[in-house]
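Asks:
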Amino acid sequence: MNILIALIPAIGWGIQPLILKKIGGRPVNEILGTGIGTLLVGLVVYFFFTDQSLSLGTFMLAMASGAFWVIGQTGQYMAFNLLGVSRTMPISTGLQLVGTSLIGMLLFNEWAGTTSRIIGFGAIILLIIGAALTAVTEDSSNKSGLSKGLIILATTSVGYWVYSALPKLVDASGAAIFFPQMLGVFVAALIYVLFKQPTALKSDKSYKAVIVGIIFSISAFAYIFSAQGNGVATAYVITQLNVVISTLGGMFILKEKKTPKELRFTLIGLTLIVVGSIITTFL
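Per the numbering used here, residue 14 is the first one in the sequence shown, and the count goes up by one each step.
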């Protein structure tokens, strides 16, 4: 049963970008729908699963965590249009893992000991090489789009890093901080849309994308129980299937074209990213 629960975030986060691109729309539509969906699931969790009260400071810190996630996710949605899902997801995942691993080491002393740090830095090198390989393209006409997409991912991935780091500063369970995190996602998404393109509030594309937010947040909530039942390391390793699902789905479901060389490099890079992430988990 615990393994089945662990597969929920792996599959959910893997199919999330595929469904998003099938729905269509601009990043403002996508992030608004995602925000609404996360709020709906957050409310359900708050009323039926939360049994721990939070201080105002903890509540606000959890909200800030969710708000920073919107920065990373918006950047990812923008990159989808420039790079495609099959190229964006492994690059984004690699950047997330590099950042969160370094933050864990520098701020939370998670890689204690010289051996752990040497192995950890080796894993980071694998992640960087893997992400670089998935970005290889033989299409010279899209060099500017590739550069722009990489810059967007590199700068907005900071949002994912802060999203992952802030909950480590509070003494509360993942289930307890889940609602304020999802509330933070919704508020930040709404503010972004109001400043960027308020007309997205009237677009049917925005409300179709609610399903993506529901999938994301159910997957995130399932991960909490997976970590409890399987252990953090096992749960995290299983979730890494999501990048495999989304990358292959981008190629075979969304029909994103790759030359034989690009496909070969993508598969090698994907393997390095998964191996690197597994190594960082067991340190």
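Glycine included, every Cβ here is placed at the ideal spot set by N, Cα and C.
From a predicted model like this one, the values you see are computed outputs, not experimental measurements.
Can you list, in chain order, the residues of its chain with a C-beta nearer than 6 Å to that of Leu-31? Leave out the 5 residues immediately preceding and following it.
Replies: The residue you call residue 31 lines up with position 18 of the sequence shown. If we look at Leu-31 and ignore the five residues flanking it on each side, its Cβ neighbours are Gly-262, Ile-266.
Asks: Within its chain, find whatever has a CB closer than 6 Å to the CB of Thr-71; leave out the 5 residues flanking it on each side and keep chain order.
Replies: Here residue 71 is taken as the residue at index 58 of the sequence shown, counted from 1. Around Thr-71: Val-183, Ala-185.
Asks: Go ahead and label Gln-154 buried or exposed: buried means 16 or more other beta carbons lie within 10 angstroms of its beta carbon, across all protein chains shown.
Replies: On the sequence shown, position 141 is the one that residue 154 refers to. The amino acid at residue 154 is misidentified as Gln; the sequence shows Ser. Answer is exposed; the Cβ neighbour count stays below 16.
Asks: Three or more C-beta pairs under 8 Å: does that hold for the stretch 56–75 against the stretch 249–261?
Replies: no
Asks: Between Leu-179, Leu-96, Leu-207, which lies nearest to Lys-270 when the distance is taken from Cα to Cα?
Replies: Here residue 270 refers to the residue found at position 257 when the sequence shown is read from its first residue. Nearest of Leu-179, Leu-96, Leu-207 to Lys-270, Cα basis: Leu-96.
Asks: What first and last residue would you give for the alpha helix (DSSP H) that runs through Ser-239?
Replies: Walking along the sequence shown from the start, residue 239 turns up at place 226. 223–243 is the span of the alpha helix (DSSP H), which, as asked, contains Ser-239.
Asks: In the DSSP assignment, find the unbroken alpha helix (DSSP H) run with Lys-268 in it and report its ends.
Replies: On the sequence shown, residue 268 is found 255 positions in, with the first residue counted as 1. It is not in any alpha helix (DSSP H) - Lys-268 carries neither H nor E in the DSSP assignment.
Asks: Curious, which full-length alpha helix (DSSP H) runs of at least 4 residues does the stretch 124–183 contain?
Replies: 127–147, 156–178
Asks: Cβ of Thr-147 within 7 Å of Cβ of Thr-293?
Replies: Position 134 of the sequence shown holds residue 147. Position 280 of the sequence shown holds residue 293. Cβ atoms of Thr-147 and Thr-293: not closer than 7 Å.
Asks: Please give me, in chain order, every unbroken run of the beta strand (DSSP E) with length at least 3 that falls completely inside the stretch 42–88.
Replies: none
Asks: If we define contact as Cβ-Cβ less than 7 Å, is Ser-232 a contact residue for chain D?
Replies: Considering every chain present, this structure includes no chain D. It has just one protein chain.
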